[in-house]
Amino acid sequence: MNKSLIIMDQILDISERFRVELKVYEVKSSMKYPDGIKVRFVLIDVIRKVPRLLLDNHSPYGFHIHEDLPKNKEMRRKLEMTDYIEALDEFWRLTKVITNNEN
Amino acid sequence: MKIKPLKITFESIDTFAVKSRTALQNVIQNKKSAVQKKDVLVWASVEAYQQFMSDQKYTILAVIYKYRPQSVYQLAKILNRAQQNVARDCDLLERHGLIKFEQSENGRKVKAPQLIFEYNAIIVYLPSVTYKVEFEEAA
Numbered sequence: 004m005n006k007s008l009i010i011m012d013q014i015l016d017i018s019e020r021f022r023v024e025l026k027v028y029e030v031k032s033s034m035k036y037p038d039g040i041k042v043r044f045v046l047i048d049v050i051r052k053v054p055r056l057l058l059d060n061h062s063p064y065g066f067h068i069h070e071d072l073p074k075n076k077e078m079r080r081k082l083e084m085t086d087y088i089e090a091l092d093e094f095w096r097l098t099k100v101i102t103n104n105e106n
Numbered sequence: 531m532k533i534k535p536l537k538i539t540f541e542s543i544d545t546f547a548v549k550s551r552t553a554l555q556n557v558i559q560n561k562k563s564a565v566q567k568k569d570v571l572v573w574a575s576v577e578a579y580q581q582f583m584s585d586q587k588y589t590i591l592a593v594i595y596k597y598r599p600q601s602v603y604q605l606a607k608i609l610n611r612a613q614q615n616v617a618r619d620c621d622l623l624e625r626h627g628l629i630k631f632e633q634s635e636n637g638r639k640v641k642a643p644q645l646i647f648e649y650n651a652i653i654v655y656l657p658s659v660t661y662k663v664e665f666e667e668a669a
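Residue numbers (the working numbering), protein chains in the order written: chain A, 4 to 106; chain B, 531 to 669.
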């Protein structure tokens, strides 16, 4: 079993309904995670108990976002950036759109 | 008895986003870990926290601390509230990181609500003032 080490874990409670979890893991470099870094940025709908928005970085997509959760788990939008910080910025941008519209 | 508190702090989404950006930079470039402490919960606004954290939820935490109920059923009995309502509150408290559910001590299948760690007070750091809710007084 491949071991992963959590190297970033930050949580923000936005409201009773929404919570953000930013997790970054150091993993063994592999086809799936060539950089040896796995990111999982998620906006959780606490009331409905589902992820509402998820950004991760596994191959073959690289940085991609699941923005039609929970309805459409297979729908992914590939992000053009390759930079972790830009990916995080995009996650926050979308989080603000969702929480402003749906809170 | 020494107070071991859970701390509630406040940062706007924008402030938290900026800080998370810096943390991520440190993690990626310098391999510097950025794991939030378990005894701190960060809320995006005072209003949202106050809307969430009703007196009933504070009482739930105090009763869990003081009486250590082995099920939500027992907890509801102590509180003299409908089990369904207590279960819903516990669910939200769990999902916001204030409690967890563990196998009950009597080995039954039901899970016992427990504090996320052994805290006996909550300290809320408002922008202008800090206040403390101690469970011995709240239960």
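Using N, Cα and C, we set each Cβ at its ideal position, and we do this for glycine too.
Where B:A651 falls: helix, strand or coil (DSSP): strand
Under a Cβ-count criterion, where at least 16 other Cβ atoms within 10 Å of its own Cβ denotes burial, should A:R22 be classed as buried or exposed? Looking at its Cβ environment, which holds 16 or more other Cβ atoms inside 10 Å, A:R22 is buried.
Using the Cα positions of B:K641 and A:S32, report the straight-line distance between them to the nearest angstrom. 38 Å
Element boundaries [alpha helix (DSSP H), containing B:L605]: 602-609
At the 9 Å Cβ level, is B:Y579 part of the contact set with chain A, yes or no? Judged by the 9 Å Cβ criterion, B:Y579 is in contact with chain A.
A:E29 by DSSP, collapsed to three states: which one? strand
Cα separation between A:H69 and B:E666? Taking the straight line joining both Cα atoms gives about 45 Å.
Taking the alpha helix (DSSP H) that A:T98 belongs to, which residues open and close that run? Where A:T98 is concerned, the enclosing alpha helix (DSSP H) stretches over 87-105.
Return the chain-ordered list of same chain residues with a C-beta closer than 7 Å to the C-beta of A:K26, the five sequence neighbours on each side being excluded. I9, M11, D12, R43
Reduced DSSP category for B:D544 - H, G, I as helix; E, B as strand; rest coil: helix
At a Cβ threshold of 9 Å, is B:V663 touching chain A? By this cut-off, B:V663 is not an interface position.
Between A:E19 and chain B, is any beta-carbon pair separated by less than 9 Å? It does; some Cβ of chain B falls within 9 Å.
Using beta-carbon positions only, say whether B:D569 and B:K534 come within less than 9 Å of one another. yes
Closest by CA to B:V576, which one among B:S658, B:C620, B:I590? B:S658
In chain A, what lies closer than 7 Å to B:S658 by C-beta? Residues of chain A passing the Cβ test: none, with the nearest at roughly 20 Å.
Return the chain-ordered list of same chain residues with a C-beta closer than 8 Å to the C-beta of B:Q614, the five sequence neighbours on each side being excluded. none
Buried or exposed, going by whether 16 or more other CB atoms sit within 10 Å of the CB of B:E632? That one is exposed.
Per DSSP, A:H69 is paired with what? A:L57
Which residue from A:I14, A:L72, A:V30 puts its Cα closest to that of B:Q566? Closest by alpha carbon: A:I14.
Taking DSSP as the reference, what is the three-state secondary structure of B:V593? Under the three-state reduction of DSSP output, B:V593 falls in the helix class.
Closer than 7 Å by beta-carbon distance: list the chain A residues that pair up with B:A553, in chain order. Near B:A553 (Cβ distances below 7 Å), the residues of chain A are M11, Q13.
With 9 Å as the threshold, decide whether the Cβ of B:F647 is near any Cβ in chain A. no
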